[in-house]
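Participant: In this note's numbering, the protein residues as written are 8 to 270.
All C-beta atoms in this analysis are idealised placements derived from N, C-alpha and C, irrespective of residue type, glycine included.
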C-alpha cells in the first residue's frame, strides 16, 4: 500500500513538474495559475519528507523534517527583517502564503534542498572511518551542492520571475555575495543537525531505500534542470556555465562513491 502511494506521489510530481516546465519556459503561465508555483515547492518538500521517513523511520523522519522547516523559516525571517546571512531582500507577495514576511513554502523548498543534497553528500562521506572527518566531508559537500543549485536558481528567481528582490546590488546578476555565503552557512547548519540527529539515534548507517534514494538525486537534477532551462531561455549564460560545470564535477564524485540501495 505504501509502495503504491510512493509511486503515485512521485508520478504526480513528475506530471506537475512537466506542466510547470512547459508553462514557465514558454512564459505562458497565466496570472490565475501563479499559485501553482507554491504547490510545486510544497510537493518538493513533501517528497523530501517522505524520503526521510521511509529511510530513517517515521519519528526520525518527521523530527528532521520539522527541524529543517522551522530552522529555515526562523533564519529566513531574520534575513528578511535584519539582513542576516542573505543580504537585504524581501519576498514577492505572489510567492504563496506569507507569514511574518516569509513565504510558508520556503521551508518546503529548503526541505527539498537538504534531503537531496543529503543523499549526494553521504556518497562522499559514508566510507570515511573518522567520525569528525566524516561530519566535515558530509557537511561541506552537502553545503556546496546546495550552493551549486542556488548559483542558477537565484538569478532566475530574481531576474526573471522576481520571486524575491534584493534592495542592494551585487557582483553576480545584482545578487550580493552574502546570499551565497548565507546559503552555504544555512546548509552547513542544517546538514550538521541531520548528521548529529542520525548519529545520536544510531540511524546514520543501515538500509538505503531502493526507491527513494535515487529519486532524491533525480529530484535535485530535475529542479536544477528546470532553472537551467529558464536561465538559457533568458540568456543568463554565466549562471548556466558555472552551474553546469560544478554539477558535472559533483556528480562524477557521486556516481563514483554512491551507496547501493539495500531496501
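Quick one: using the 10 Å Cβ neighbour count with 16 as the cut-off for buried, is residue 175 buried or exposed?
Facilitator: Classification for residue 175: exposed.
Participant: Answer with buried or exposed for residue 83, where buried requires no fewer than 16 other C-beta atoms within 10 angstroms of its C-beta.
Facilitator: Burial call: buried.
Participant: Opposite residue 173 in the DSSP bridges: which residues?
Facilitator: Answer by DSSP bridge pairing, in chain order: 96.
Participant: Beta-carbon of residue 243 versus every beta-carbon of chain C: anything under 7 Å?
Facilitator: Absence of chain C from the displayed structure is noted, only one protein chain being present.
Participant: Can you list, in chain order, the residues of its chain whose CB lies under 8 Å from that of residue 222, leaving out five sequence neighbours each side?
Facilitator: If we look at residue 222 and ignore the five residues flanking it on each side, its Cβ neighbours are 17, 54, 58.
Participant: For residue 35 and residue 204, I'd like the C-alpha separation in whole angstroms.
Facilitator: If I take the Cα positions, the gap works out to 44 Å.
Participant: Quick one: grab the DSSP three-state call for residue 38.
Facilitator: The answer is helix: DSSP assigns residue 38 an H, G or I state.
Participant: When you compare only the Cα positions, how much space is there between residue 186 and residue 51?
Facilitator: If you take the alpha carbons of residue 186 and residue 51, they lie about 22 Å apart.
Participant: Do the stretch 64-81 and the stretch 134-154 meet, that is, are 3 or more Cβ pairs less than 8 Å apart?
Facilitator: With the cut-off at 8 Å, the stretch 64-81 and the stretch 134-154 do not touch.
Participant: Bridge partners for residue 106 per DSSP, in chain order?
Facilitator: In DSSP, residue 106 forms a bridge with 109.
Participant: Hey, residue 184 and residue 234: beta-carbon distance below 7 Å or not?
Facilitator: Contact flag unset, no.
Participant: Rounded to whole angstroms, what is the Cα-Cα separation between residue 150 and residue 121?
Facilitator: Roughly 9 Å separates the two Cα atoms.
Participant: Is residue 97 closer than 7 Å to residue 172 when the C-beta atoms are compared?
Facilitator: Yes; because the gap between Cβ atoms is below 7 Å, this pair is in contact.
Participant: Assign residue 65 to one of two classes, buried (16 or more other C-beta atoms within 10 Å of its C-beta) or exposed (fewer than that).
Facilitator: So residue 65 ends up on the exposed side.
Participant: Could you say which of 152, 196, 241 lies nearest to residue 259 if we only look at CA atoms?
Facilitator: When only C-alpha atoms are compared, the closest one is 152.
Participant: Would the stretch 224-239 and the stretch 20-37 be scored as touching if the rule is three or more Cβ pairs under 8 Å?
Facilitator: Contact holds: three or more Cβ-Cβ distances are below 8 Å.
Participant: Which two residues bound the contiguous alpha helix (DSSP H) that contains residue 220?
Facilitator: Note, residue 220: alpha helix (DSSP H), 219-240.
Participant: As a quick exercise: from 247, 94, 48, pick the residue whose alpha carbon is nearest that of residue 190.
Facilitator: For the residues 247, 94, 48, the minimum Cα distance to residue 190 belongs to 94.
Participant: Helix, strand or coil: how does DSSP classify residue 182 here?
Facilitator: If DSSP states are grouped into helix, strand and coil, residue 182 belongs with the strands.
Participant: Using 10 angstroms around the beta-carbon of residue 213, count the other beta-carbons present and answer buried if the total reaches 16, otherwise exposed.
Facilitator: Exposed, by the Cβ-count rule.
Participant: Just reading off the alpha helix (DSSP H) that residue 18 is part of, what are its end residues?
Facilitator: 9-32 is the extent of the alpha helix (DSSP H) around residue 18.
Participant: Which residues in the same chain have their Cβ closer than 8 Å to the Cβ of residue 169, if we skip the five residues on either side of it in sequence?
Facilitator: Contacts found: 99.
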